[in-house]
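Okay, structure first, notes after.
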Amino acid sequence: MAQYGGGGRPEHLVASIPARLRDERPSISFEFFPPKDDASEAQLWDALRRLERVRPAFVSVTYGAGGTTQDRTVRVTGRIADETSLTPLAHLTCVGASVRQLRQVVGHYAASGVRNILALRGDPPGNVRGEWTAHPEGLDHAEDLVRLVRGLGDFTIGVAAFPDVHPDSPDLDHDVEVLVRKADAGATFAITQMVFDADSYLRLRDRVAARRDLPVTPGLMPVTSFPQIQRMSELMGTPLPPQVVERLEAVKDDKVAVRAVGVEIATEIGRRMLAEGAPGLHFITMNRSTATLEVHEALGL
Numbered sequence: 032m033a034q035y036g037g038g039g040r041p042e043h044l045v046a047s048i049p050a051r052l053r054d055e056r057p058s059i060s061f062e063f064f065p066p067k068d069d070a071s072e073a074q075l076w077d078a079l080r081r082l083e084r085v086r087p088a089f090v091s092v093t094y095g096a097g098g099t100t101q102d103r104t105v106r107v108t109g110r111i112a113d114e115t116s117l118t119p120l121a122h123l124t125c126v127g128a129s130v131r132q133l134r135q136v137v138g139h140y141a142a143s144g145v146r147n148i149l150a151l152r153g154d155p156p157g158n159v160r161g162e163w164t165a166h167p168e169g170l171d172h173a174e175d176l177v178r179l180v181r182g183l184g185d186f187t188i189g190v191a192a193f194p195d196v197h198p199d200s201p202d203l204d205h206d207v208e209v210l211v212r213k214a215d216a217g218a219t220f221a222i223t224q225m226v227f228d229a230d231s232y233l234r235l236r237d238r239v240a241a242r243r244d245l246p247v248t249p250g251l252m253p254v255t256s257f258p259q260i261q262r263m264s265e266l267m268g269t270p271l272p273p274q275v276v277e278r279l280e281a282v283k284d285d286k287v288a289v290r291a292v293g294v295e296i297a298t299e300i301g302r303r304m305l306a307e308g309a310p311g312l313h314f315i316t317m318n319r320s321t322a323t324l325e326v327h328e329a330l331g332l
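Structural data, given as structure tokens:
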């Protein structure tokens, strides 16, 4: 991994994500997941290079379910910083990690020149809907992780937001309060879980804006297969809007039609949120570029 210091860091590594979110032009960003093998790594880099051409504000690489693939995530994020013109947003979760280990991961990111971190509690390993248990020497909440990262250097910190209410949360009021606490701890922007109901996003966005100046970017995923949307509902811990499920279920036996309807739905939702003042869109790509680029083009971005 390349190492940068002080004023020697390339512009794309020191770019301010919050500043880009406040730009008049909508901020477009892409999310990838770490590859499991050489073939999927080649697919990831093909998607990265294709999407790099549309000059996104930033890109991120997730951890696998339950906090797995941390090493791959750190490595791939470092390669993005070193080998592309893209601004990387590094994921960091509390899952299975002591404070000492978290400090080490942040150090690896810093050594790669990365200065933007998405601080997440993360899902329980093995069962994303299981009971959360912190590492004995770790952290219990995302706001604690924000404070830790804030104390380790000059990082810009983002956090997660949940328009459809976090599965462990009693209600939206609680979720708004949690986001406010994350902002107070040092977070300067938020990215939502994937949105399938624009009204849910707008409701959360407006409630947070009444309390803090925290730009909230909606996550958007073009559905390309019917089993995929069923899996997404399970991971999100919330049922998907009936109108979305009905439209996809009507064509579930036709893979081409499912993909076309999925792109159509994502375009409709994205257009509505941008028209209502969303600072941008964060595309969950599933490491494929085509459907994302189709939505991007349809929105005229």
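Residues in the sequence shown are numbered from 32 upward in steps of one, following the numbering used here. Note that beta-carbon positions come from the ideal geometry of N, C-alpha and C, so glycine has one too. Note that the structure is predicted; figures quoted are calculated from it, not measured.
Residues near residue i by beta carbon distance below 6 angstroms, same chain, minus five either side
i    : result
L305 : P57
G293 : P253, V254 and T255
E307 : L233
G98  : Only weak support is given to the placement of G98: the predicted model assigns it a pLDDT of 49, under 50, and the question is left unresolved by the model.
F314 : F61, L251 and T323
A46  : T118
D228 : P272
P66  : E72 and L75
Beta-carbon proximity list for residue i, same chain, < 8 angstroms, skipping 5 on both sides
i    : result
L117 : H43, L79, E83, P87, F89, V90 and I111
M317 : F64, M252, T255 and Q259
E168 : S129, V130 and R131
E280 : F257
V326 : L251, P253, V294, A297, T298, G301 and F314
Cβ neighbour criterion (16 or more within 10 Å) applied to residue i
i    : result
V137 : buried
T164 : exposed
R242 : exposed
E2   : The displayed coordinates of the chain run from 32 to 332. Any statement about residue 2 would go beyond what the structure contains.
R274 : Before going on, a small fix: residue 274 reads as Gln here, not Arg. Its Cβ having fewer than 16 others within 10 Å, Q274 is exposed.
H205 : exposed
E265 : exposed
A12  : Beyond the ends of the chain as shown, which are 32 and 332, falls residue 12; an answer cannot be given.
E174 : buried
D285 : exposed
Endpoints, the beta strand (DSSP E) within which residue i is located
i    : result
A187 : Residue 187 is actually Thr in this sequence, not Ala. Unbroken beta strand (DSSP E) run through T187: T187 to A192.
A150 : N147 to L151
P119 : P119 to T124
First through last residue of the alpha helix (DSSP H) which encompasses residue i
i    : result
G301 : K286 to A306
E168 : Careful: E168 lies outside any alpha helix (DSSP H) and carries neither H nor E.
T321 : T321 to A329
P273 : P273 to E280
L312 : That residue, L312, is in no alpha helix (DSSP H); its beta strand (DSSP E) goes G311 to I315.
A216 : L203 to A216
A128 : First-last for A128: undefined, no H or E at that position.
Below-8 angstroms beta-carbon distance, residue i vs any chain C residue
i    : result
V289 : In summary, chain C is missing from the structure at hand, where a single protein chain is found.
Residue i CB to nearest heavy atom of the ligand NAP below 7 angstroms
i   : result
L44 : Within the structure as shown, the ligand NAP is missing, as the structure has no ligands at all.
Option in the options with minimal Cα separation from residue i
i    : options                   : result
A150 : L279, R242 and V180       : V180
V226 : E174, L176 and L312       : L312
R212 : T223, D228, R178 and D102 : R178
D202 : D215, R238, D185 and E174 : R238
A221 : D230, A229 and V209       : V209
P119 : I48, R278 and R243        : I48
V287 : N147, V196 and A322       : A322
F186 : G153, A142 and D199       : A142
F61  : D102, S71, D69 and V85    : V85
P246 : D206, V190 and V326       : V190
Q224 : I296, P249, V207 and D244 : P249
E72  : D54, T108, A50 and R51    : T108
E162 : A214, S200 and L75        : S200
R350 : A291, K283, A240 and S231 : Lying before the first or after the last residue shown, residue 350 is absent from the chain, which here runs from 32 to 332.
G12  : L75, D285, T104 and G217  : Only positions 32 to 332 of the chain appear in this structure, which leaves residue 12 out of reach.
I188 : A214, R53, H197 and L170  : A214
### Message
Runs of 4 residues minimum, wholly inside the stretch 226 to 260: which ones carry the alpha helix (DSSP H) assignment?
### Response
If one requires a minimum length of 4 residues, the alpha helix (DSSP H) runs lying completely within the stretch 226 to 260 are 229 to 240, in chain order.
### Message
Just to confirm the assignment: which complete alpha helix (DSSP H) runs, minimum length 4, are found wholly within the stretch 40 to 108?
### Response
Whole alpha helix (DSSP H) segments, 4+ residues: 42 to 45, 48 to 52 and 69 to 83.
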